[in-house]
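Peer 1: The listed protein sequences correspond, in order, to chains A and B. Using our numbering, the first residue of the first sequence is number 1223, and each one after it goes up by one. Using our numbering, the first residue of the second sequence is number 67, and each one after it goes up by one.
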Amino acid sequence: MGDLGGFFMKQFIGFLRKEFLHIFRDPRTMVIIFGIPIVQLMLFGKVISTDIQNVKIGILDQSHDNTTKKITSKLLSSGYFVLAKELQPGEDVEEVFRKGIAKMVVNFGPNFEQNLERDGKQDVQLLADASDPNTARILTSYAGGIINDYVKKEKLQNIQLPNQINIEVRMLYNEGLKSVYMFVPGIMAMILMLISAMMTSISISKEKELGTMEVLLASPLKPIQIVLGKVTPYLLLSFINALTIILLGVFVFGVPIKGSFFLLMGESFLFIMMALSLGILISTVAPNQMVAMFISLLGLMLPTILLSGFIFPIRNMPLPLQIVSNIIPPRWFIVIIRNIMLKGTGILYIWKETLVLVFMSFTFIALSIKNFKIRLE
Amino acid sequence: MISIQNISKSYKDVPAVRDISFEVQKGELFGLIGPDGAGKTTLMRILMTLLIQDEGKATMNKLDVVNDYKEIRKIVGYMPGRFSLYQDLTVEENLNFFATVFKTTVAENYELIKDIYIQIEPFKNRLAGKLSGGMKQKLALSCALIHKPEILVLDEPTTGVDAVSRKEFWDMLKKLQKQGITILVSTPYMDEAVLCNRVALMQKGKVLDINTPQKLIENYTRKLYAIRSKDMHQLIQDLRAWEKTDSAFAFGQYLHVTGKDDEVEATEFENYLLKKNHLELQVFDIPPTIEDVFMDRMAEQ
Chain A
1223 MGDLGGFFMK QFIGFLRKEF LHIFRDPRTM VIIFGIPIVQ LMLFGKVIST
1273 DIQNVKIGIL DQSHDNTTKK ITSKLLSSGY FVLAKELQPG EDVEEVFRKG
1323 IAKMVVNFGP NFEQNLERDG KQDVQLLADA SDPNTARILT SYAGGIINDY
1373 VKKEKLQNIQ LPNQINIEVR MLYNEGLKSV YMFVPGIMAM ILMLISAMMT
1423 SISISKEKEL GTMEVLLASP LKPIQIVLGK VTPYLLLSFI NALTIILLGV
1473 FVFGVPIKGS FFLLMGESFL FIMMALSLGI LISTVAPNQM VAMFISLLGL
1523 MLPTILLSGF IFPIRNMPLP LQIVSNIIPP RWFIVIIRNI MLKGTGILYI
1573 WKETLVLVFM SFTFIALSIK NFKIRLE
Chain B
67 MISIQNISKS YKDVPAVRDI SFEVQKGELF GLIGPDGAGK TTLMRILMTL
117 LIQDEGKATM NKLDVVNDYK EIRKIVGYMP GRFSLYQDLT VEENLNFFAT
167 VFKTTVAENY ELIKDIYIQI EPFKNRLAGK LSGGMKQKLA LSCALIHKPE
217 ILVLDEPTTG VDAVSRKEFW DMLKKLQKQG ITILVSTPYM DEAVLCNRVA
267 LMQKGKVLDI NTPQKLIENY TRKLYAIRSK DMHQLIQDLR AWEKTDSAFA
317 FGQYLHVTGK DDEVEATEFE NYLLKKNHLE LQVFDIPPTI EDVFMDRMAE
367 Q
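1. Within 10 angstroms of the Cβ of L155(B), are there 16 or more other Cβ atoms? Answer buried if so, exposed if not.
2. Measure the CB-CB distance between V349(B) and Y286(B) and report whether it falls below 7 Å.
3. Kindly give me the distance between the Cβ atoms of K289(B) and G325(B), rounded to whole angstroms, as I take these residues to be in contact under 8 Å.
4. Apart from the five residues just before and just after V227(B), which ones in its own chain have a Cβ nearer than 6 Å to its Cβ?
5. Between the segment 83-91 of chain B and the segment 134-154 of chain B, are three or more C-beta pairs nearer than 8 Å?
6. Grab me the residues of S1460(A)'s own chain with a C-beta within less than 6 Å of its C-beta, minus the 5 sequence neighbours each way, in chain order.
7. Taking DSSP as the reference, what is the three-state secondary structure of Y183(B)?
8. For the structure I just gave you, are there three or more beta carbon pairs, one from the segment 216-232 of chain B and one from the segment 304-318 of chain B, closer than 8 Å?
9. On the premise that V1346(A) lies in contact with I1281(A), defined as a C-beta separation below 8 Å, what is that separation, rounded to the nearest angstrom?
10. Three or more C-beta pairs closer than 8 Å, one from the segment 237-254 of chain B and one from the segment 188-195 of chain B: is that the case here?
11. Express the C-alpha separation of D1248(A) and K379(B) in angstroms, rounding to a whole number.
12. When you check each C-beta in the segment 1420-1444 of chain A against every C-beta of chain B, which residues fall closer than 8 Å?
13. Where does E159(B) sit, in a helix, a strand or coil, going by DSSP?
14. For F317(B), does the three-state DSSP call read helix, strand or coil?
15. Would P81(B) count as contacting chain A if we go by Cβ distances under 7 Å?
16. Could you work out which residues of chain A lie near K373(B), taking near to mean beta carbons separated by less than 8 Å?
17. Can you look up T125(B) in the DSSP assignment and give me helix, strand or coil?
18. Do three or more CB pairs link the segment 1332-1351 of chain A to the segment 1278-1295 of chain A at distances below 8 Å?
19. Rounded to the nearest angstrom, how far is the Cβ of R1560(A) from that of P1407(A), given a contact under 8 Å?
20. Per the DSSP calculation, D1283(A) is bridged to which residue(s)?
21. Suppose you measure from the CA of M1310(A) to the CA of T1362(A); what does that come to, to the nearest Å?
22. Specify, as a first and last residue, the run of the alpha helix (DSSP H) that Q153(B) falls within.
23. K1240(A) versus chain B: which residues are under 8 Å apart at the beta carbon?
24. Using a Cβ-Cβ cut-off of 7 Å, state whether P146(B) counts as contacting chain A.
25. Have a look at P1525(A) and P1509(A) and give me their C-alpha separation to the nearest angstrom.
26. Scan the segment 114-129 of chain B for residues whose Cβ lies nearer than 9 Å to a Cβ of chain A and list them as they occur along the chain.
27. Which class does K1307(A) belong to by DSSP, given the choice of helix, strand or coil?
28. Along the segment 166-177 of chain B, what residues have a CB closer than 7 Å to any CB found in chain A?
29. Would S1499(A) pass as a contact of I1562(A) if the rule is Cβ separation under 7 Å?
30. Provide the residue span of the beta strand (DSSP E) that contains E76(B), from first to last.
31. Which one of E1436(A), Y1302(A), G1228(A) has the shortest CA to CA distance from R148(B)?
32. Just curious, the beta strand (DSSP E) that I293(B) is in, first and last residue?
33. Give a yes or no on whether 7 Å exceeds the smallest Cβ distance from L1589(A) to chain B.
34. Terminal residues of the continuous alpha helix (DSSP H) containing M1487(A)?
35. On the criterion of 16 or more Cβ atoms from any shown chain inside 10 Å, does H322(B) qualify as buried, or is it exposed?
36. Do the segment 336-356 of chain B and the segment 295-310 of chain B make contact, defined as three or more Cβ pairs closer than 8 Å?
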């Protein structure tokens, strides 16, 4: 038996060696495995970020008194806004938007300070370019917040207003409302899905397409050796990817890991296993690389992006889609990571989600074994 | 060594192999000869345990192709019709990979593949995808032989290979046969049939005839003429249009022609063609080749 086991291992290691050679010799595979995760994280984290940062604004100051100057400098020192242009009274404000000089114009009326001190009240006009409604809404609310904050603290502290309720808002787990906190778990789910499921399914169906599967099947290799040999390299590479994404998240984007790092890696491992078994399942159905890629992209990537709660909150979806989202594995994984990273919860709070992933893995493995053909048809 | 009894196989409703039976003896070099779609590949895949037949029974070295597939996969070397090695691995890496898959090492069985491998060894660090057609086939044969199989199954190994490499390849098969390996080989080239001990002529899933190439030729009793003229294109059209012509096929520089019921004499062909204004006309008897036999058998169907 010992000798037989030795052969089993030798065959397996021979197979692994071959798989790694395939991966390292194919530039496209290398780009997908190592390039895409980093590029995507950077894209989502920096470029597609919905955070407000250094937005160009125009100032139309008709008073030029102390208060308007202070408010202006408050706005500009907040980090959210930079001054693009000082407008003169009578200048065409719309021109500024049309030419794309600024996204928002702050208009202080004449005699600002006087009116404020006399009446305890004064209007500021915020004009925003609402061709992008989301940004416009965020810009005006940020600017409004800064202005009110200043006026309340500096100007109105001596004036007693009757029965005023101050609302104090605190955003727990993500005080800065940074979108990267949302993207890191989402990207991780997406990348692991992409690498694990798509690459495995492509690499198995490639053997079918090129006819090498025919030789492998006609050899004494056992199906389990073929499948394990195919899966192991991607398991390792996916795990490295998971680590890379987490490290980038922590050190580049400042996303915290409040919970256990080992629990986080353990859950990632589970998710990778699930994705790999899904990849094998796809390859048992797909006759060639094109079909495998098509199924992976349309059947896995799109739902991951749209239905997992990564970008669009699940509770805002129509009911049928909410139900469908339950069978999308990343939906559960994203909940798990957000809990561990941002809230610092332990396994007690995410055991349900974990069980769902375990159950999914076993289902996919069982289906793959049932579908794996020891012959050509 | 190989026994096939009443094997049939259909893909959906299209029959690929129909009720085929024959035996291949130990140490025999047996050829499956026939055009594309004759069912050669399907039959080989059934023997290689890659497909399951709809009907019939087949054994390789007394092992059943359906029930004992695991055992068969250990003792048979297989070269599929398409080049099925890893193009992104080097010659040496491919060979080593298949050696480990078959639980052996290159060193252990080097004697068997030496004659073949020595020709591609200078390129052992080249990627398999960058080899010429002939060298690819040599590498594929080396890989199929690396575990010292008792039976070798080769599906059209010389298709798409130049004439010199084809000849070399058959020489290698002869040498392997001397070592006691039973070889089943398929080919669409009829001139390769004479290199086999016995051949099965196949067409549309059926075996038309099984015999030694010599016997097949001997059994051909028809009167065969070689005909040539200045305008070969017109010649074949005129001959096929004539009611006394049975068959006319181009064979190299000549047409091989038979007359209806073998009762047409050379002079009759000559007179007919002269009337059709053919210049530089030549008509003479020739002995049949295996191709004539096959053409004739196919026409009968």
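Think of the CB as a built atom: it goes at the ideal place given N, C-alpha and C, for glycine as much as any other residue.
Peer 2: On the basis of the data shown:
1. buried
2. no
3. 7 Å
4. G199, G200, Q203
5. no
6. L1414, I1417, S1418, I1494
7. helix
8. no
9. The pair is not a contact, with the Cβ atoms about 11 Å apart (cut-off 8 Å).
10. no
11. Because chain B spans 67 through 367 in this model, residue 379(B) falls outside it and cannot be assessed.
12. L1432, G1433, T1434, E1436, V1437, L1438, L1439, A1440, S1441, P1442, L1443
13. helix
14. strand
15. no
16. Here chain B has residues from 67 to 367 only, and residue 373(B) is not among them.
17. strand
18. yes
19. 5 Å
20. F1330(A)
21. Per the sequence presented here, residue 1310(A) reads as Gln, with Met not at that position. Between Q1310(A) and T1362(A), the C-alpha separation is close to 21 Å.
22. Per DSSP, Q153(B) belongs to no alpha helix (DSSP H) and is neither H nor E.
23. Y152, L155, E159, F163
24. yes
25. 23 Å
26. M114, T115, L116, L117, I118
27. strand
28. T166, V167, F168, K169
29. no
30. The residue asked about is misnamed: residue 76(B) is Ser in this sequence, not Glu. Its beta strand (DSSP E) spans residues 68-77.
31. E1436(A)
32. 291-294
33. no
34. 1483-1507
35. buried
36. yes
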